[in-house]
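Right, one structure below, let's go through it.
Numbering (our numbering), first residue to last: 109 to 291.
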């Protein structure tokens with residue numbers, strides 16, 4: 109069932125309260141920590157690999173932005189927004205790999221601006237969705253054990269993904285120049 113976000117089904121244009129406010133506040137906190145790891149960096153530093161991993165700070169922000177956008181699209185459009193794992197092409201896998209690095213011509217400012225736009229859209233969507241219990245069927249993928257996820261579960265997944273990668277970013281930043289997000 110596709111979640112209906114037409115005007116007649118939206119909540120009033122007021123600030124979210126209760127559970128929605130809590131979920132969005134938690135997501136905002138982890139978004140802040142992720143963005144904070146890039147403070148005072150230039151594009152070259154944001155693209156630098158500082159650990160054995162392929163990850164860089166700009167790439168992590170690109171990845172988290174793409175994941176959040178994909179899940180927000182899923183809430184509106186259902187499983188077609190994410191696609192089935194079995195139908196992914198070599199180009200799809202290459203595009204996913206490019207999410208983890210800054211490509212020629214990309215800037216940290218551009219990556220952060222794109223992430224801010226994704227965050228704005230997600231926040232508006234969460235405020236407008238009529239029911240956090242509404243579900244969508246998941247696309248086919250080896251990592252999904254459930255048949256459906258609720259809006260709430262998708263939001264919890266976005267929060268967990270953002271928090272996990274904020275931790276990765278903190279390690280990358282500390283390896284780059286010793287700066288820490290906390291402590």
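No residue lacks a Cβ here, since even glycine has one placed at the ideal position from N, Cα and C.
Next on the checklist: Output needed for residue 258: all residues of its chain with C-beta closer than 7 Å, excluding positions within five of it in sequence on either side, in chain order.
Outcome noted: By the criterion of a C-beta distance shorter than 7 Å, residue 258 is surrounded in its chain by 240, 241, 242, 243, once the five residues flanking it on both sides are discounted.
Checklist entry - Going by the CB atoms, is the gap between residue 145 and residue 278 shorter than 7 Å? => result Yes. Within cutoff.
Item to check | Proximity winner among 281, 271, 286, 285, relative to residue 176 (alpha-carbon distances) | outcome: Looking only at 281, 271, 286, 285, the smallest Cα-Cα distance to residue 176 is reached by 271.
Item to check | With 16 other Cβ atoms within 10 Å as the buried cut-off, status of residue 290 | outcome: So residue 290 ends up on the exposed side.
Item to check | Enclosing beta strand (DSSP E) for residue 257 [first to last residue] | outcome: Looking at the DSSP string, the run of the beta strand (DSSP E) that includes residue 257 is 256-258.
Item to check | Continuous alpha helix (DSSP H) stretch holding residue 253: start and end | outcome: For residue 253, no alpha helix (DSSP H) run applies, since DSSP gives it neither H nor E.
Item to check | Under the three-state DSSP convention, the category residue 270 falls into | outcome: Secondary structure of residue 270 (DSSP, three-state): helix.
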